[in-house]
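Structure first, then comments.
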Amino acid sequence: MPAGRILLLPATVALAYYCDEENIGLLNTVQMPAWLQWGLGLLVLDYAIYLWHRANHIFPFLWRFHNVHHIDPEMDVSTGIRFHIGEMLLSIPFRCLIILVSGVSPMMLLVYELIFEAATLFHHSNIRLPLLLERVVVEFIVTPRMHGIHHSMVERETNSNYSTVLNIWDRIH
4 MPAGRILLLP ATVALAYYCD EENIGLLNTV QMPAWLQWGL GLLVLDYAIY LWHRANHIFP
64 FLWRFHNVHH IDPEMDVSTG IRFHIGEMLL SIPFRCLIIL VSGVSPMMLL VYELIFEAAT
124 LFHHSNIRLP LLLERVVVEF IVTPRMHGIH HSMVERETNS NYSTVLNIWD RIH
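The sequence shown begins at 4 in the working numbering and counts up one residue at a time.
The following block contains the structure:
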């Protein structure tokens, strides 16, 4: 996990603990089975990251920071850890808002962060999946080939494929 993203965890995890203790957020106020709560929590976090990533491409002020991630002409696993500290710091209020509204638990947040990091490193790697496997896997998650389009020098391609874990968000937008 990049050092900058580790810096985010104390603020967001502390807020998740507070929301858990004070029953703040949808998942803390609506009764549902634990499996559904976890599923919804992880989906909300993944969709929120999709929206944040998209905002980083839409708004010029945010793009100034996010562009650091896109500067490298050759995408590899190191691209997945190259983010401007300003982008990470600016994401804290957005992430905190998502935690307040959703009420995701601290454990959900930490599990999602691990999934997020693994997915980010995977789809920024230069691994080429066999085509048959690619066709199956890309139906559900972001693959290096799919995310490679996002890192294209062609603006139309760069402004697509914003998903991090599940690629459904790109399909419905």
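We treat Cβ as the ideally placed atom computed from N, Cα and C, and that holds for glycine.
Cα separation between H127 and H176? The residue you call residue 127 lines up with position 124 of the sequence shown. The residue you call residue 176 lines up with position 173 of the sequence shown. Pairing H127 with H176, the inter-Cα distance amounts to about 22 Å.
Could you give the C-beta distance for F97 and V168, rounded to a whole number, given that I count them as a contact under 8 Å? Against the sequence shown, residue 97 aligns to sequence position 94. Against the sequence shown, residue 168 aligns to sequence position 165. Under the criterion of beta carbons closer than 8 Å, F97 and V168 do not qualify as touching, at roughly 17 Å.
Comparing C-alpha positions only, which one of V104, N26, M78 and L93 sits nearest to I152? If you number the sequence shown from 1, residue 152 lands on position 149. With distances taken between Cα atoms, I152 lies closest to M78.
To the nearest angstrom, report how far apart D75 and L65 are at their CA atoms. By 1-based counting over the sequence shown, the position of residue 75 is 72. By 1-based counting over the sequence shown, the position of residue 65 is 62. Spanning the two alpha carbons is a distance of roughly 18 Å.
Give the list of continuous beta strand (DSSP E) stretches no shorter than 3 residues that lie fully inside the region 94 to 134. Counting only runs that start and end inside the region 94 to 134, there is no beta strand (DSSP E) element of at least 3 residues.
Environment of Q34 [buried if 16+ CB atoms lie within 10 Å]: Within the sequence shown, numbered from 1, the residue matching residue 34 stands at position 31. For Q34, the number of other beta carbons within 10 angstroms of its own is below 16, and it is reported as exposed.
When you compare the region 102 to 117 with the region 137 to 147, are there three or more beta-carbon pairs, one atom per stretch, that lie closer than 8 Å? The answer is no - the region 137 to 147 does not touch the region 102 to 117, with fewer than three Cβ pairs under 8 Å.
Looking only at its chain, what residues have a beta carbon closer than 7 Å to the beta carbon of N164, apart from the 5 residues adjacent to it on each side? Your numbering for residue 164 matches position 161 in the sequence shown. Only M149, H150, I152, H153 and D173 meet the Cβ criterion.
Bounding residues of the alpha helix (DSSP H) (the contiguous stretch that carries Y53): Translated into positions along the sequence shown, residue 53 becomes position 50. From DSSP, the alpha helix (DSSP H) with Y53 extends over A37 to I61.
Tell me, to the nearest whole angstrom, how far the beta carbon of L12 is from that of M91; I am working on the premise that it is less than 8 Å. Here the question's residue 12 lines up with position 9 in the sequence shown. Here the question's residue 91 lines up with position 88 in the sequence shown. The Cβ separation is near 11 Å, so there is no contact.
Which runs of the alpha helix (DSSP H) spanning at least 4 residues fall entirely within the region 63 to 94, listed in chain order? Complete alpha helix (DSSP H) runs here, min 4: 63 to 73.
Determine the extent of the alpha helix (DSSP H) in which N162 is found, giving its start and end residues. For the purposes of this step, residue 162 is identified with residue 159 of the sequence shown, where counting begins at 1. Per DSSP, N162 belongs to no alpha helix (DSSP H) and is neither H nor E.
Is the distance from the Cβ of T123 to the Cβ of G89 below 9 Å? Residue 123 sits at position 120 when you count from the first residue of the sequence shown. Residue 89 sits at position 86 when you count from the first residue of the sequence shown. G89 is positioned such that its CB atom lies no closer than 9 Å to that of T123.
Using CA coordinates, which residue listed in S166, N129, I130 and H73 is at the minimum distance from E158? Numbered from 1 along the sequence shown, position 155 holds the residue referred to as residue 158. Closest by C-alpha distance to E158, out of S166, N129, I130 and H73, is H73.
Looking only at its own chain, which residues have a Cβ that is under 6 Å from the Cβ of R57, when we skip the five neighbours before and after it? To locate residue 57, count along the sequence shown from 1; it is residue 54. Y165, listed in sequence order.
Just verifying my parser: in three-state terms, what is the DSSP assignment at I144? One-based indexing of the sequence shown puts residue 144 at position 141. The answer is strand: DSSP assigns I144 an E or B state.
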